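Data first, discussion second: the structure below is written as C-alpha cells.
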Amino acid sequence: TQLLEQSPQFLSIQEGENLTVYCNSSSVFSSLQWYRQEPGEGPVLLVTVVTGGEVKKLKRLTFQFGDARKDSSLHITAAQPGDTGLYLCAGGKGTASKLTFGTGTRLQVTL
Amino acid sequence: GAVVSQHPSRVICKSGTSVKIECRSLDFQATTMFWYRQFPKKSLMLMATSNEGSKATYEQGVEKDKFLINHASLTLSTLTVTSAHPEDSSFYICSASLLMVEQFFGPGTRLTVL
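Protein chains in written order, with this note's numbering: chain A, 150 to 260; chain B, 208 to 321.
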C-alpha cells in the first residue's frame, strides 16, 4: 500500500502566522495535488505539481514538489480564518489518474 | 468549468433498504469516475474506479455486491448501497477525471442508516 503521510495532523494558529504542511512518501509519484476540504463538502483542488523541484505560488500559498517526487510541502503565509479546513495531498502515478490520498492536516486559524 | 454534482446531498434510510447516489460531471465528459468514502475527521478512502461502459474496479476490502456502481454515460455514475446497515453510514464523495491527471470532486453525500 502506498502511503502519503502528512504532518502535522492538526494545527491551530492565530491569524497572521505562517505555517507549513508536509506530505511524505516512500513512493515516487508522477503528480502531486493539494486539496482543501471544508466540513460537509467535497475537496477543492488547489494545485497540481508534476515536475520534481517545482514550486507553484497561489497568492499566499506556496507549493513545492520534492526533487525526487516523493514529497511535497504547502506553505501558507499570513494565515487567515478563511484558510481553516482539512488539507489533503494526493499522489498520482502515470496516466491511470487514480490518486492516493494523504492522511490529512486539519488547520484551524483563529482571530 | 470542471463542475461535478452529487445527488442527494443527504439521505436517511432504514436498515435493510437500498440507496442510490448519483454523480454527474456537468460541463465535461469524464471517462473515469471515482467513488470515495470518508469517515469523520479522516482522509478519503478510495472505494472503486468507474469507467464508462465497463465494470467498476473495486479496491481491496470493498464488497462489490454491497456497493453497486454503474457508469452508463460519460457524465453519470451511480453508487447503490444495497441492504444498508448503520455501519454504512458515512460521507460518500465522487470525483471525475479530466485529462487523466486531475480529479474534480463532487460536494459529497451524507448517508445515515437508522
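Just so you know, even glycine gets a beta-carbon here, dropped at the ideal spot from N, CA and C. Quantities reported herein were computed from a predicted structural model and do not represent experimental measurements.
Would you mind telling me which residues of chain B sit closer than 8 Å to residue i, beta carbon to beta carbon, in chain order?
| i | result |
| --- | --- |
| Arg255/A | Lys248 |
| Gln229/A | Correct list: empty, because the minimum Cβ distance to chain B is about 22 Å. |
| Leu237/A | Ser250, Leu251 |
Taking its Cβ as the centre, do 16 or more other Cβ atoms sit within 10 Å of residue i, making it buried, or is it exposed?
| i | result |
| --- | --- |
| Pro192/A | buried |
| Leu233/B | exposed |
| Asp272/B | exposed |
| Asp220/A | buried |
| Phe159/A | exposed |
| Thr224/B | exposed |
| Val320/B | buried |
| Leu237/A | buried |
| Leu152/A | exposed |
Hey, would you say residue i sits closer than 8 Å to residue j, going by beta carbons?
| i | j | result |
| --- | --- | --- |
| Ala239/A | Glu166/A | no |
| Gln245/B | Leu253/B | no |
| Leu318/B | Val288/B | yes |
| Gln163/A | Thr259/A | yes |
| Pro215/B | Thr282/B | no |
| Ala303/B | Val226/B | no |
| Gly201/A | Arg218/A | yes |
| Ser179/A | Lys247/A | no |
| Pro314/B | Glu190/A | yes |
| Leu194/A | Gln182/A | yes |
| Val211/B | Phe311/B | yes |
| Gly234/A | Gln186/A | yes |
| Ser161/A | Gln257/A | yes |
Given that residue i touches chain B, what residues does it touch there, using C-beta distances under 7 Å?
| i | result |
| --- | --- |
| Gly191/A | Ile300, Phe312, Gly313, Pro314, Gly315 |
| Thr252/A | Ser250 |
Give the interface partners of residue i over in chain A, defined as CB-CB distance under 9 Å, in chain order.
| i | result |
| --- | --- |
| Glu309/B | Ser180, Gln182, Leu194, Thr197, Gly241, Ser246 |
Would you please state the rounded distance, in angstroms, between the beta carbons of residue i and residue j? I believe it to be under 8 Å.
| i | j | result |
| --- | --- | --- |
| Cys230/B | Ser284/B | 5 Å |
| Thr239/B | Ser257/B | 7 Å |
| Leu223/A | Phe214/A | Not really, about 11 Å apart at Cβ, beyond 8 Å. |
| Ser280/B | Glu309/B | With 8 Å as the limit, Ser280/B and Glu309/B do not qualify as a contact, their Cβ atoms being about 21 Å apart. |
Can you name the residues of chain A whose CB is closer than 7 Å to the CB of residue i?
| i | result |
| --- | --- |
| Thr256/B | Lys247 |
| Tyr304/B | Reading off the sequence shown, one finds Ser at residue 304/B, where the question assumed Tyr. In chain order: Ser246. |
| His319/B | Per the sequence shown, residue 319/B should be read as Thr rather than His. Simply none; closest approach about 13 Å. |
| Thr239/B | Ser246 |
Short of 8 Å Cβ to Cβ, which residues in the region 198 to 218 of chain A face chain B? Going along the region 198 to 218 of chain A in chain order, one finds Val199 with a Cβ nearer than 8 Å to chain B.
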